[in-house]
Amino acid sequence: MHNHRAKRLIGFILLGFILFLIGNRVDDLRLYQGASVAMYVIGIASIVLLTGFSGQISLGNGAIMALGGFSATLAQSTWGLPLPLTFVVAVLGAALFGSILGVAAARLSGPYLAGATLALAVALPSLANQFTFLGGEQGLPFDSGSAPTFLGEDFSRFKWFYWISALAALLMTWLISNVLQSRFGRSWRAVRSNSTAAELVGIHAARSKVLAFTLASGVAGLAGAVLALNLGGVSPSAYPLSLSFALITGAVLAGISTLSGSVIGALLLVGMSELVGSLTSRFSLEDVLAENLKELLVSVLLILAVVFTPNGPGDRIRERKALHKKTK
Amino acid sequence: MMRFTRSKKGMIGSAIVAAAALAVSALPAQAASTETQGVTATQITLGISQPTNGPASYGYNKVAPAMDAYFKYVNANGGVNGRKIKLIVKNDGYKVTDAVNKTVELISRDKVFALVGSLGTANNIAVSNAVDLAGQGIPSLYVNSGFSGFANKSTYKTMFPLFPTYYMETKVLGEYIKKNFPGKKVGIIYQDDDFGDDALAGLKQAGVTPAASIPYASLSQSAATAATWVSKLKTADAEVVIMYGVTSAAAFALGTAYALGYKPQWIIDSVGGVSATLQLLGIQAPLLNGVITSSFLPASTDTTDEYIKLFQTINTKYNVAGTKFDDNVVTGMNTAMMTVAALKAAGKNLTRSGVIKAIETKGKTFPSASLAQPQFSTTSHVGYNGFWIGTYDATGTLKPETGKYKIYTTDSGSGAVKVSTWKRPAMPAKGLPK
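Sequences listed follow chains D and C, in order. Okay, so the first sequence: first residue is 1 according to the numbering used here, each after it adds one. Okay, so the second sequence: first residue is 1001 according to the numbering used here, each after it adds one.
Next comes the structure, spelled out in structure tokens:
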């Protein structure tokens, strides 16, 4: 068991090193996109934890992210906390809210839970408009800081964003992967598959669901804080309904039950506009067509994913391998 | 315990490796100074991020091509101090995160000298924070937003809003309502963000208390939401209705009200009250008859105006073939002309700080089609400060209230609304800033 953990840790450190090397070899735009990918990875990981493992659906992840973003910003402006601590506050704030929400969520299931969380996604960000201390639609500025001077003058602002975002994503996914392999992860899966059977072996199903909701909310809170860092501020329009949907899309495309899939999902979300952009310039498509092409491609991919690999491409490959072994 | 020591060792190991890698991988030194990024001996590269399609793009998607058309006209006439202008247009779909991404692309990959005409209040706020325009010294010229907050020079050091603020507009409209519709019940539909809030505050400042205030979330406009607006307005008995939103929202409001037999005196803001776009969105010209709107540029149908005449010729010759000449084209070309004036005034040795200084010191005298004077100075980055009010006739043509443009000027504070005595100077030869 310990051997497993150590291997995983080494894997994450190696991945971090590779990301570090990549960061030195790309330009500012790629760095900024990299930071966005990291933000999406955390956001999708939250859905993987919640939906893929605990079997609860949430269409309101964007709202929880907003909560994290606003918590981090307020922690910075009110208490003058340094950046890492604002992230901690974001996680704790969102988790606290998630635990309350989780109690309600544990009583709902399927479409009812989806509906309730959707309402949250619609209402919560615009609620910020009603309170002046949240800055209205203009929102509040978040001081993203700048890279320490010892990193050199050429160390750009975007590289700084990339470093922090990537580090946050690495740490968070490492933590989640550990949790998923633990007793909690196993009991979530048990409840997801058959809640009665799980209760019979002594798992408290409702408690296990609330815990999953709390942790997933904390993770989403971190994603929200990373977005606040990358946008240099928080505002309701930074966490629109479409963000919640994008996260779900990313999670489904990449396989909702694998954590590593969140990277594929995040890359797809960020890369799609780029791909469509290069397609349009190569085939000189009209701009109107180009924008719709993106939506079309995402929708088609989503339908294909649901039809052919409901558990994600990763799962499909694993299935194939298992089948291959059997036939041998 | 075991676990902790392991991870600690791992951390220390990775830290050493990271430090070593940092030491060996030399970073390339930056070639050119950022002060002159995007400027070569023969070319100046500018960038704009705005919606070129999507629900918020109607009408505004004509602004960037119109700017480009004017730049092409200037290029054909010798350019700016010997340099040709290249404009790179990016579509952000009026979304905050996209606006930041596209702007990063403009600055880091396309290496633009300055941003010009970036559209949207929330978008410009996010871009300014994320990219740190002020800290990096990147000029953001003539942003397409009337948000009064951009006047804060200490936050937005390198930004120059050109349009009069929404606050000024509703102050002027409020005075107009008090004078022309005394005692009538007023309703207002507004976009529920800084854009609309600014307007609501201006209206209050003018002393008009609406009987019905109806906020709507940006991009939520549809025939269905418009039906709820109308029912609320009807309940409140509103006789004069101010529509403060983008053109697509105004179109839904007018169309739905007409279908439901509700006929108040409509007043549409300068942002949404663009006749050509409204007609494109299905509002027939006769429906516009009697609708009041305000503007600071001459009406695009006013062919007696020398600027309009010039812009029409440029539109035919340099704009995307088949572009219908309207107020958005005028807006784009006027913004482009002010840009050329700033670049020219900054001199042959063009730098970012130079262009900012040029607008601060000489901006008041830049040639522009506007009937209100630009107010740029070393202490204020706000452009125009006034509006004229007009009424659409049954052909969708906007006519000034008394047949002549009467400009009301004011500020974004408690200052009075006054009738301006400023006379626009004659257009420079061929419409090329000196």
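Note that CB positions come from ideal geometry on N, CA and C, so glycine has one too.
Interface residues of chain C facing residue i [CB-CB closer than 9 Å]
i, result
"D:Ala238", "Val1096, Thr1097, Ala1122, Ala1126"
Continuous beta strand (DSSP E) stretch holding residue i: start and end
i, result
"C:Lys1185", "First-last for C:Lys1185: undefined, no H or E at that position."
"C:Met1427", "Here C:Met1427 belongs to no beta strand (DSSP E), and DSSP marks it neither H nor E."
"C:Gly1047", "1043-1050"
"C:Phe1387", "1386-1392"
"D:Thr78", "Careful: D:Thr78 lies outside any beta strand (DSSP E), inside the alpha helix (DSSP H) at 61-79."
"C:Val1143", "1140-1143"
"D:Ala206", "Unbroken run through D:Ala206 is the alpha helix (DSSP H), 205-231; no beta strand (DSSP E)."
"C:Pro1400", "1398-1400"
"C:Ala1212", "1212-1216"
"C:Ala1206", "Neither: C:Ala1206 is in no beta strand (DSSP E) and is coded neither H nor E."
"C:Gln1265", "1265-1268"
"C:Ala1114", "1114-1116"
First through last residue of the alpha helix (DSSP H) which encompasses residue i
i, result
"C:Phe1311", "1306-1318"
"C:Met1067", "1063-1076"
"C:Lys1157", "First-last for C:Lys1157: undefined, no H or E at that position."
"D:Asn178", "157-180"
"C:Lys1090", "Taken as a continuous stretch (DSSP letters only), C:Lys1090 belongs to no alpha helix (DSSP H), being part of the beta strand (DSSP E) at 1084-1091."
"C:Val1230", "1223-1235"
"C:Thr1331", "1327-1345"
"D:Tyr32", "28-47"
"D:Tyr112", "110-127"
"C:Ile1242", "Where C:Ile1242 is concerned, there is no enclosing alpha helix (DSSP H), although the beta strand (DSSP E) it sits in stretches over 1240-1244."
"C:Gln1037", "Element bounds for C:Gln1037: n/a, residue is neither H nor E."
"C:Gln1136", "1133-1136"
"D:Ser193", "183-193"
"C:Asn1101", "1096-1104"
Where residue i sits in the DSSP three-state scheme
i, result
"D:Phe142", "coil"
"C:Pro1028", "With a pLDDT of 42 at C:Pro1028, under the threshold of 50, the modelled position of this residue cannot be trusted; read the value that follows with caution. DSSP places C:Pro1028 in coil when its eight states are reduced to three."
"C:Ala1199", "helix"
"C:Ala1023", "Residue confidence is low: C:Ala1023 scores 44 on pLDDT, short of 50, so the model does not pin down where it sits. No coordinate-derived value is stated."
"C:Gly1282", "coil"
"C:Lys1418", "strand"
"D:Ala147", "coil"
"C:Thr1293", "strand"
"D:Leu323", "helix"
"D:Leu279", "helix"
"C:Val1355", "helix"
"D:Ile13", "helix"
"C:Gln1191", "strand"
"C:Thr1365", "helix"
"C:Val1080", "strand"
"D:Thr258", "coil"
"C:Thr1303", "coil"
"C:Leu1119", "strand"
"C:Val1274", "coil"
"D:Asn3", "helix"
Chain-ordered neighbours of residue i on chain D, where CB pairs are closer than 7 Å
i, result
"C:Arg1109", "Asp27, Leu29"
"C:Val1240", "In chain order: nothing, as chain D lies at least about 26 Å away."
"C:Val1100", "Leu231"
"C:Ala1217", "Ser126"
Under 8 Å by beta carbon: chain D residues contacting residue i
i, result
"C:Ala1130", "Ser144, Asn230, Leu231, Gly232, Gly233"
"C:Glu1105", "Leu29"
"C:Asp1326", "Those within 8 Å of C:Asp1326 in chain D number zero; the least Cβ separation is about 19 Å."
"C:Gly1149", "Gln138"
Distance cut-off 7 Å: residue i Cβ against heavy atoms of the ligand ATP
i, result
"C:Arg1352", "What this structure holds is no ligand at all, so the ligand ATP is not there to describe."
Contacts that residue i makes with chain C (C-beta to C-beta distance below 8 Å)
i, result
"D:Arg84", "Checking the displayed sequence, the identity of residue 84 of chain D turns out to be Pro instead of Arg. Per Cβ cutoff of 8 Å: no residues; D:Pro84 is ~15 Å from chain C at best."
"D:Asn129", "Asp1192, Asp1193"
"D:Pro141", "Asn1129"
### Task
Give a yes or no on contact between the region 1163-1171 of chain C and the region 264-279 of chain D, applying the rule of three or more CB pairs nearer than 8 Å.
Taking a contact to require three or more Cβ pairs closer than 8 Å, the region 1163-1171 of chain C and the region 264-279 of chain D do not qualify as touching.
### Message
Against chain C, which members of the region 229-255 of chain D pass a CB distance test of less than 7 Å?
### Response
Correct list: Asn230, Leu231, Gly232, Gly233, Ser235, Ser237, Ala238.
### Query
Is it true that the region 1055-1072 of chain C meets the region 1320-1334 of chain C, where meeting means three or more beta-carbon pairs spaced less than 8 Å apart?
With a cut-off of 8 Å, the region 1320-1334 of chain C and the region 1055-1072 of chain C count as touching, because enough Cβ pairs lie within range.
### the region 99-108 of chain D contacting the region 225-241 of chain D, beta-carbon criterion three pairs below 8 Å
The answer is no - the region 225-241 of chain D does not touch the region 99-108 of chain D, with fewer than three Cβ pairs under 8 Å.
### Query
Using 8 Å as the Cβ pair cut-off and three pairs as the minimum, do the region 1406-1415 of chain C and the region 1344-1362 of chain C touch?
As far as the Cβ criterion goes, the region 1406-1415 of chain C does not touch the region 1344-1362 of chain C, which means the pair count is below three.
### Query
Per the contact definition of three or more C-beta pairs closer than 8 Å, is the region 1367-1381 of chain C in contact with the region 1107-1123 of chain C?
No, the region 1107-1123 of chain C does not touch the region 1367-1381 of chain C.
#### Entry: Contact residues within the region 1186-1202 of chain C, judged by C-beta distance below 7 Å to chain D
With the criterion set as a beta carbon lying under 7 Å from some beta carbon of chain D, the members of the region 1186-1202 of chain C are Asp1192, Asp1193, Asp1194, Asp1197, in sequence order.
### Members of the region 155-166 of chain D that neighbour chain C once the beta carbon cut-off is set at 9 Å
Within the region 155-166 of chain D, the residues whose Cβ lies closer than 9 Å to any Cβ of chain C are, in chain order, Phe155, Ser156, Arg157, Phe158, Phe161.
### Query
At a Cβ cut of 8 Å, what residues of the region 32-46 of chain D count as close to chain C, listed as they run along the chain?
Along the region 32-46 of chain D, going in chain order, the ones with a CB nearer than 8 Å to a CB of chain C are Tyr32, Gln33, Ser36.
### Query
Contact between the region 1050-1059 of chain C and the region 1243-1251 of chain C: three or more CB pairs below 8 Å?
Flag = yes, the region 1050-1059 of chain C and the region 1243-1251 of chain C touch.
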